[in-house]
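K.L.:
Here's a structure for you.
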């Protein structure tokens, strides 16, 4: 069973949810607790909550226990105004919890599922003639929820109210999620990895993912590297649904001490190291 969740106060998440309700012919349900909306289908439960999505650490207590993982439908804000369709794992590398979650805690990533939806977004952006206007990308691991015992990841529309409220964007993201649900459990052939370096939109990691079939779990951007230590590196490979086979490092955005730490870690745990 797949859990889909959104905030009813978020026009992007709500719009994607409404698209899925129509396309998947979901029916009203009473299986959710303390929700503003609750619908279900053969494989999914879709719930809307009043809280902001970064505070969704309560999902396990409000949705049925047989849900395997959660996909959160959400908006993405960007000061740079980047129009985007993105996917990402959740977590805090620092002790700052101003965006939800717990200090220095990572949510459980789901590399192959995130990769499936990333590829779908890449194809659909072309089908819907949005490729020239919108960037399709992973985002680095950030914000809550972080304490769920099951995998969770976000699928987002960026980056302003104009994009969040656009029905075409709801269709693009909705179709990507729908394709995953329709294929679930999909036959996915990719290599699960973690990423080090790059910006908030880690473009090189996204490019190599789509080109070489590498599916990313957690990505520590260059902004998180001052907090990265052996404990968090272990969390990046342990807090994931699938066994991590490698670590990919963007060399340009990392310093020598970061690379030395990651090189030692990769040897210690016996995973491949790749520089891009």
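In my numbering, the protein residues as written are 145 to 420. Note that CB positions come from ideal geometry on N, CA and C, so glycine has one too.
#1: Using only the heavy atoms of the ligand GDP, determine whether one of them is closer than 6 Å to the beta carbon of residue 280.
#2: Could you give the uninterrupted runs of the alpha helix (DSSP H) lying entirely in the region 274-314, keeping only those of 4 residues or more?
#3: Under 7 Å, do residue 207 and residue 147 count as touching if we go by C-beta distance?
#4: Going by the CB atoms, is the gap between residue 285 and residue 245 shorter than 7 Å?
#5: Is residue 184 near residue 268, with beta carbons less than 7 Å apart?
#6: Between which two residues does the beta strand (DSSP E) containing residue 418 stretch?
#7: At the level of alpha carbons, what is the spacing between residue 197 and residue 407?
#8: Starting from the Cα of residue 306, find the closest Cα among 344, 228, 236 and give me that residue.
#9: Look at the alpha carbon of residue 211 and the alpha carbon of residue 182, and state the distance between them as a whole number of angstroms.
#10: For residue 302 and residue 281, I'd like the C-alpha separation in whole angstroms.
#11: Less than 7 Å separating the beta-carbons of residue 324 and residue 261?
#12: With C-beta atoms as the reference, is residue 149 less than 7 Å away from residue 191?
#13: So, does the region 385-402 touch the region 363-373, judging by three or more C-beta pairs under 8 Å?
P.N.:
Reading from the atomic positions:
#1: The ligand GDP is absent from the structure shown, which contains no ligands of any kind.
#2: 305-308
#3: By one-based count along the chain shown, residue 207 stands at place 63. By one-based count along the chain shown, residue 147 stands at place 3. Contact flag set, yes.
#4: Counting from one through the chain shown, the residue named residue 245 turns up at place 101. Counting from one through the chain shown, the residue named residue 285 turns up at place 141. Their beta carbons are not under 7 Å apart, which means residue 245 does not touch residue 285 by this criterion.
#5: For the purposes of this step, residue 184 is taken as residue 40 along the chain shown, with counting starting at 1. For the purposes of this step, residue 268 is taken as residue 124 along the chain shown, with counting starting at 1. No, the Cβ-Cβ distance between residue 184 and residue 268 is not below 7 Å.
#6: The sequence position of residue 418 within the chain shown is 274, counting from 1. Segment 416-419, the beta strand (DSSP E) holding residue 418.
#7: Counting from one through the chain shown, the residue named residue 197 turns up at place 53. Counting from one through the chain shown, the residue named residue 407 turns up at place 263. When rounded, the distance between both Cα atoms is 35 Å.
#8: In the chain shown, counting from the first residue as 1, residue 306 sits at position 162. It is 228.
#9: Here residue 211 is taken as the residue at index 67 of the chain shown, counted from 1. Here residue 182 is taken as the residue at index 38 of the chain shown, counted from 1. Near 14 Å, if we compare the C-alpha coordinates of residue 182 and residue 211.
#10: Translated into positions along the chain shown, residue 302 becomes position 158. Translated into positions along the chain shown, residue 281 becomes position 137. Straight-line Cα distance between these residues: approximately 11 Å.
#11: For this step, residue 324 is matched to residue 180 along the chain shown. For this step, residue 261 is matched to residue 117 along the chain shown. Taking 7 Å as the Cβ cut-off, residue 324 and residue 261 qualify as a contacting pair.
#12: In the chain shown, counting from the first residue as 1, residue 149 sits at position 5. In the chain shown, counting from the first residue as 1, residue 191 sits at position 47. Result yes, Cβ atoms of residue 149 and residue 191 sit closer than 7 Å.
#13: yes
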